[in-house]
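Novice:
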Amino acid sequence: MKIKIQTIYLKGENIMTTLTNTTTVAPVDLSSTLAGFSVSVKDGKVVSNIVELKAAMASKKAELLSTEYVGTREDQMAMIRSAKAAVNKFKDATTKAKTSVKKELLKPFADFEKNANETIKMAEETYDDLNGRYLGLDAERKTEKRGKIREEYDSIAQECGVGEFADALYGLIYDTTWENTASSMKSIKESIKKACESYVQGLSTLQMIQADDDIRKKALEMFNENLDAVKAMAYITSEMAARAEAKAREEARIEAEKARIKAEAAAKIEAERKKAAEEAAAKIEAERKRVEAEAAAKIEAERKKTEAEAKAREEARMKELAAKIEAENKKAAVKPIARSEAECKIVEDKTAIQNKVTAESTSSAVTNVMAGNTNPDLSENSEKANNRIVVSFLPEDWEMVKDYCEVNGIFYSEK
């Protein structure tokens, strides 16, 4: 069923009209339903038509949830507000009826509950008194039994050699069920002896295991806390392995560091050696160059000195030779054919440069050369024969005289 509600406006007045669905089911009127609601309590039973009320509410719920409101927002809000009021009124009436029925039905129970609570309270008071006396007696019994258990423990612990850890071990192995009447002293003594022997054996094992003192101490502390020798030994094994690994890593690191330092030292020494060698080589090279330069300078100075001395000797010899030639010319009473002093100087310089004539003669022999005009056709019978002269000189001076003649265009022949 679907209901559409809309608002019709007529001559400025708002008239609300409900247009129902296309089905034939009439809408539920909650007010009429409440008017027909009845409930009462008879012989401890509830008599009502609540089932009919429930069915009516179910139909109304379906109707309202499927209703579409049209019109202005204010009109829609007014219609919804009216529907809310009807639903709330129906709920309040049902709730009031439920509370009234419950109260009437619980009235006989309330009387019963009061008497029952008073009875329970008296029983609890009686129980608490009896229990208190019982617990007191049981506490005395447990105290007495704990004393016996401690005596047995001390004896067994001393026998097993527990030692200074006896008090702590007693607290660790003590079982409160030993205080129960069901636990016999025989079974308790067996449990104590087993625990003491197990402790001593575990302690001995831990003390014999090879381990560093601090690790062994920590393992013993663990063992004294929980009496788990296996766990303590596992701790020792694990820690010792970790320590050995750390030691190996540290040793490897130290060796690597040593190798690095050694390599750096070797590299530094080699660099210093190379530097020293290079510096020494540079020093030696500089010294060599200095010595060579000094030697070269000395040699050059000596060479220049020697050349100067040789030149001076040559010049002196040439002057002496020129004087000899001049003397020979005078002797022969002929006109010398030497060109000039400047020309003779040229010959002297050329001879000195060629350095082909020795300064001193080792022979006293004299060679005669006839010199004159360069014309090769001259003969002794010609008119110009008188222009020839005879020059006498030492054999070793021949090359110099020949050069002199060639330079000055003088014909010469040996006589």
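For the sequence shown, position 406 matches number 411 in the numbering used here, and the numbering has no gaps at all.
The beta carbon of each residue, even a glycine, is placed where N, CA and C say it ideally should be.
Please read these numbers as outputs of a predicted model, since none were measured by experiment.
How many whole angstroms separate the CB atoms of Ile241 and Ile220, which I take to be in contact at a CB cut-off of 8 Å?
Specialist: Correct: roughly 6 Å between the Cβ atoms.
Novice: Which residue's Cα is closest to the Cα of Asp159: Thr148, Arg151, Lys303, Ala171?
Specialist: Closest by alpha carbon: Ala171.
Novice: Between Trp227 and Ala237, how many whole angstroms is the CB-CB distance? I'm expecting something under 8 Å.
Specialist: Looking at the sequence itself, residue 227 is Met, so the reference to Trp does not match. With a Cβ gap of about 5 Å, Met227 and Ala237 count as contacting.
Novice: Within 10 Å of its beta-carbon, does Ala117 have 16 or more other beta-carbons around it, so buried, or fewer, so exposed?
Specialist: Looking at the sequence provided, one finds Phe at residue 117 rather than Ala. Under this definition Phe117 is an exposed residue.
Novice: Which two residues bound the contiguous alpha helix (DSSP H) that contains Val92?
Specialist: Start and end: 78-165.
Novice: To the nearest angstrom, how far is the alpha carbon of Asp143 from that of Lys191?
Specialist: One C-alpha to the other measures close to 20 Å.
Novice: Starting from Ser47, follow its DSSP beta bridges and name the residues at the other end.
Specialist: Before going further, note that residue 47 is Lys rather than Ser in the sequence given. Answer is Lys50.
Novice: Assess, as a yes-or-no matter, whether the segment 109-125 is touched by the segment 38-52 under the definition of 3 or more beta carbon pairs within less than 8 Å.
Specialist: Contact between the segment 38-52 and the segment 109-125 is present, because at least three Cβ pairs lie under 8 Å.
Novice: Taking contact to mean 3 or more Cβ pairs, one atom from each stretch, closer than 8 Å, check whether the segment 38-46 and the segment 98-109 are in contact.
Specialist: Yes: the two stretches touch, three or more of their Cβ pairs being nearer than 8 Å.
Novice: Under the three-state reduction of DSSP, which class applies to Ser188: helix, strand or coil?
Specialist: In the structure shown, Ser188 sits in coil (DSSP, three-state: anything other than H, G, I, E or B).
Novice: Between Phe416 and Val406, what straight-line distance do the alpha-carbon atoms span, to the nearest angstrom?
Specialist: If you take the alpha carbons of Phe416 and Val406, they lie about 11 Å apart.
Novice: Which residue's Cα is closest to the Cα of Gln206: Glu184, Ala315, Ala162, Asp180?
Specialist: Comparing Cα-Cα distances from Gln206 to each of Glu184, Ala315, Ala162, Asp180, the minimum goes to Ala162.
Novice: From Thr181, Glu331, Val296, Glu411, pick the residue whose C-alpha is nearest to that of Lys147; which is it?
Specialist: Considering only alpha carbons, the answer is Thr181.
Novice: From what residue to what residue does the alpha helix (DSSP H) around Gly41 run?
Specialist: From DSSP, Gly41 is part of no alpha helix (DSSP H); its letter is neither H nor E.
Novice: Give the DSSP-derived three-state secondary structure of Tyr175 in the structure shown.
Specialist: Tyr175 falls in the helix class under three-state DSSP.
Novice: Would Ile154 and Ile125 be called neighbours here (beta carbons separated by less than 8 Å)?
Specialist: No.
Novice: Can you find the residues in the same chain that come closer than 6 Å, C-beta to C-beta, to Ala91, ignoring five residues on each side of it along the sequence?
Specialist: Taken in chain order, the residues that qualify are Leu35.
Novice: Flag this pair as yes or no: are the beta carbons of Glu195 and Arg151 separated by less than 8 Å?
Specialist: No, they are not a contact pair.
Novice: Please confirm whether Tyr204 and Val235 have their CB atoms less than 8 Å apart.
Specialist: No, the Cβ-Cβ distance between Tyr204 and Val235 is not below 8 Å.
Novice: Between the Cα of Gly197 and the Cα atoms of Glu164, Asn54, Gln212, which residue gives the shortest distance?
Specialist: It should be noted that the sequence gives Ile, not Gly, for residue 197. When only C-alpha atoms are compared, the closest one is Glu164.
Novice: Is the distance from the Cβ of Leu211 to the Cβ of Ala200 below 8 Å?
Specialist: Contact flag unset, no.
Novice: Could you tell me the boundaries of the alpha helix (DSSP H) in which Ala298 lies?
Specialist: 234-337 is the extent of the alpha helix (DSSP H) around Ala298.
Novice: For a test of the three-state rule: what should DSSP assign to Ser418, helix, strand or coil?
Specialist: Strand.
Novice: Relative to the C-alpha of Glu157, which candidate in Glu145, Glu169, Tyr175 has its C-alpha closest?
Specialist: Ranking the options by Cα distance to Glu157, first place goes to Tyr175.
Novice: What is the C-beta distance between Phe95 and Met62, in whole angstroms, given that I count them as a contact (C-beta under 8 Å)?
Specialist: Yes, they are in contact, since the Cβ atoms of Phe95 and Met62 sit about 7 Å apart, within 8 Å.
Novice: With which residues is Tyr204 paired in a DSSP beta bridge?
Specialist: In the DSSP output, where bridge partners are listed per residue, Tyr204 has none listed.
Novice: Can you check whether the CB of Leu69 is closer than 8 Å to the CB of Ala88?
Specialist: A contact, by the Cβ cut-off of 8 Å.
Novice: Ends of the alpha helix (DSSP H) at Trp403?
Specialist: From DSSP, the alpha helix (DSSP H) with Trp403 extends over 403-413.
Novice: Suppose the cutoff is 6 Å on Cβ atoms and the five residues either side in sequence are ignored; what does the same chain contact list for Ser366 look like?
Specialist: Below a pLDDT of 50, predicted positions are generally treated as unreliable, and Ser366, at 36, falls in that range; the measurement from the model is reported next regardless. Same-chain partners within the cutoff: Leu399, Glu401.
Novice: Roughly how many angstroms separate the alpha carbons of Tyr179 and Asp134, rounded to a whole number?
Specialist: Looking at the two C-alpha atoms, the distance is approximately 31 Å.
Novice: Just checking my contact of Leu177 with Leu140 at CB under 8 Å: how many whole Å lie between their CB atoms?
Specialist: So it is not a contact: roughly 27 Å between Cβ atoms.
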